[in-house]
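Residues in the sequence shown are numbered from 2 upward in steps of one, following the working numbering. Beta carbons: idealized from backbone N, C-alpha and C, even for Gly. What follows is a single structure, written as structure tokens, with notes after it.
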Amino acid sequence: MNTCRNFWVNLNPVKRDVIVLSSIIVLSYTTMMYIDLAELISNSLSAYEYLQLDEIPYLILLVALSLAIFTKNRMADLKRSIHLKELAEEKSATLLVENQLLTQHVMEVQERERLELARELHDEIGQYLTGISLDIATLTAYQDERIALLANRISNNCRMTRNISRKLIRRLRPSSLDSQGIKGAIHATVKEWISYHPQIRIDTEIDSFTKDTDEKTNITIYRVVQESLTNIAKHAQAKHVKLALLFNTSNQSIHLAIQDDGIGIQLQSRPLGFGLIGMRERVHAVHGQLSIHSNYPRGTSIEVTIPLTPFNQNLR
């Protein structure tokens, strides 16, 4: 009995339906033969011959055939719709992959251009500022009060220009990212950020492993931190920020979390800004996930999870 039940349960649904329908047809035909259904109906309806009730079975047969044709055509339409939907989904998946590759390429080109621009600023402007400093030293040798005053003003302007150029260079491509890894770059960025926003307390927790991650991951993490801190300073009105960059041993991934106690973001009432969209695209380009949680009006948290590449699978 159990063998028959298992056979029936494991049987192909189409074959099972065919068996059930065939059994119903055979049983119905046998019953009609046994009771001579046609004669019985004919005799019962003979008194109502003027209504032509004996034609109803043929009408029912015609309706059944019409429904069968209609069902067949609708089934063909349904199959075509399913096929077109599958093609559209396949094309969408292909376009999504191509878009991710294009985004990754754009990010790489952007970082190369930033690196080149940072080098140009350092070499060209630095060279001219050094020349100006030497000229100032020459001017101060003259015993003229007006010349000394002008030299002092030029020296102050030169120092301000140098500070601004260094700030721009760090924003374009921090040297600490290449020399000290992502940990040193984040610490340097946080230190500079605190100097401009001393009223905001920031706590950091960074695993030491991150110095071994690949360049794409480092740049992505750095840009997310940079953009997040910029947004907090401009819009959050926060007093306390928590920043954590940790290695998740369970799924071999990097987890970045940035949380503030500011006013939050109204995600439902307005679309994401270009900065947040850029962060999301950067993270997706390295096959990561970014989530934004806003408890408006009580703070925002940004979480990023990036799987480690095979290059970094030896991290501990």
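Three-state secondary structure (DSSP) at Thr301? In the sequence shown, the residue the question calls residue 301 occupies position 300. Three-state result, Thr301: strand.
How long is the line joining the alpha carbons of Glu99 and Ala286, rounded to whole angstroms? Within the sequence shown, numbered from 1, the residue matching residue 99 stands at position 98. Within the sequence shown, numbered from 1, the residue matching residue 286 stands at position 285. About 11 Å.
Residue span of the beta strand (DSSP E) that contains Ala258, given as start and end: The count along the sequence shown starts at 1 and reaches residue 258 at position 257. Segment 254-261, the beta strand (DSSP E) holding Ala258.
Considering only the alpha carbon of each residue, which of Asp215, Ile220, Val226, Thr218 lies closest to Trp194? In the sequence shown, the residue the question calls residue 194 occupies position 193. The shortest Cα separation from Trp194 among Asp215, Ile220, Val226, Thr218 belongs to Val226.
Please look up how many angstroms separate the CB atoms of Leu118 and Leu173, rounded, as I've assumed it's under 8 Å. Translated into positions along the sequence shown, residue 118 becomes position 117. Translated into positions along the sequence shown, residue 173 becomes position 172. With 8 Å as the limit, Leu118 and Leu173 qualify as a contact, their Cβ atoms being about 6 Å apart.
Using the DSSP secondary-structure output, state which residues sit across from Ser82 in a beta bridge. Your numbering for residue 82 matches position 81 in the sequence shown. In the DSSP output, where bridge partners are listed per residue, Ser82 has none listed.
Rounded to whole angstroms, what's the CA-CA distance from Ile61 to Ser67? Just pull it up for me. Within the sequence shown, numbered from 1, the residue matching residue 61 stands at position 60. Within the sequence shown, numbered from 1, the residue matching residue 67 stands at position 66. Going by the C-alpha atoms only, they are around 10 Å apart.
Using a Cβ-Cβ cut-off of 6 Å (strictly less than) and excluding sequence neighbours within five positions of Gln260, which residues of its own chain qualify? Within the sequence shown, numbered from 1, the residue matching residue 260 stands at position 259. Excluding sequence neighbours, Gln260 sits near Lys243, Ser302.
Which class does Leu247 belong to by DSSP, given the choice of helix, strand or coil? As a working note, residue 247 is residue 246 in the sequence shown. If DSSP states are grouped into helix, strand and coil, Leu247 belongs with the strands.
Please report the distance separating the alpha-carbon of Ser134 from that of Gly127. Here residue 134 refers to the residue found at position 133 when the sequence shown is read from its first residue. Here residue 127 refers to the residue found at position 126 when the sequence shown is read from its first residue. Cα-Cα distance, rounded: 10 Å.
Spatial neighbours of Ile207 within its chain, please: CB distance less than 7 Å, with the 5 preceding and 5 following residues excluded, ordered by chain position. Walking along the sequence shown from the start, residue 207 turns up at place 206. Hits under 7 Å: Lys184, Ile187, Leu246.
Using 8 Å as the threshold, is the stretch 196-206 in touch with the stretch 134-150, meaning 3 or more CB pairs across them? no
Count the other CB atoms within 10 Å of the CB of Arg283; is the residue buried (16 or more) or exposed (fewer)? Locating residue 283 in the sequence shown gives position 282, where the first residue counts as 1. So Arg283 ends up on the buried side.
Report back the beta-carbon spacing between Val305 and Leu230 to the nearest angstrom; my notes put them in contact at under 8 Å. Along the sequence shown, one-based indexing puts residue 305 at 304. Along the sequence shown, one-based indexing puts residue 230 at 229. Not confirmed; about 14 Å, so no contact.
Would Leu130 and Arg171 qualify as a contact pair, given that the criterion is a beta-carbon distance under 9 Å? Within the sequence shown, residue 130 is the residue found at index 129, counting from 1. Within the sequence shown, residue 171 is the residue found at index 170, counting from 1. For Leu130 and Arg171, no; Cβs fall outside 9 Å.
Which ranges would you report for the beta strand (DSSP E) in the stretch 81-113 if only whole runs of at least 3 residues count? none
So if DSSP puts Thr205 in a beta bridge, which residue, or which two residues, is it bridged to? Within the sequence shown, numbered from 1, the residue matching residue 205 stands at position 204. DSSP output for Thr205 lists Leu244 as bridge partner(s).
How far does the beta strand (DSSP E) with Ile293 in it extend, from its first residue to its last? Locating residue 293 in the sequence shown gives position 292, counting from the first residue. First-last of the beta strand (DSSP E) with Ile293: 290-295.
Alpha carbon of Ile20 to alpha carbon of Val27, nearest angstrom: The residue you call residue 20 lines up with position 19 of the sequence shown. The residue you call residue 27 lines up with position 26 of the sequence shown. Between Ile20 and Val27, the C-alpha separation is close to 11 Å.
What whole-angstrom Cβ distance do Ile307 and Thr205 have, given they're in contact under 8 Å? Stepping through the sequence shown from its first residue, residue 307 is reached at position 306. Stepping through the sequence shown from its first residue, residue 205 is reached at position 204. Contact doesn't hold; Cβ gap of about 18 Å is too wide.
Identity of the residue in Leu309, Glu87, Gly274 nearest Asn252 by Cα: The sequence position of residue 252 within the sequence shown is 251, counting from 1. Measuring from the Cα of Asn252, the nearest candidate turns out to be Leu309.
Can you give me the C-alpha to C-alpha distance between Thr214 and Phe248, rounded to a whole angstrom? Here residue 214 refers to the residue found at position 213 when the sequence shown is read from its first residue. Here residue 248 refers to the residue found at position 247 when the sequence shown is read from its first residue. Looking at the two C-alpha atoms, the distance is approximately 11 Å.
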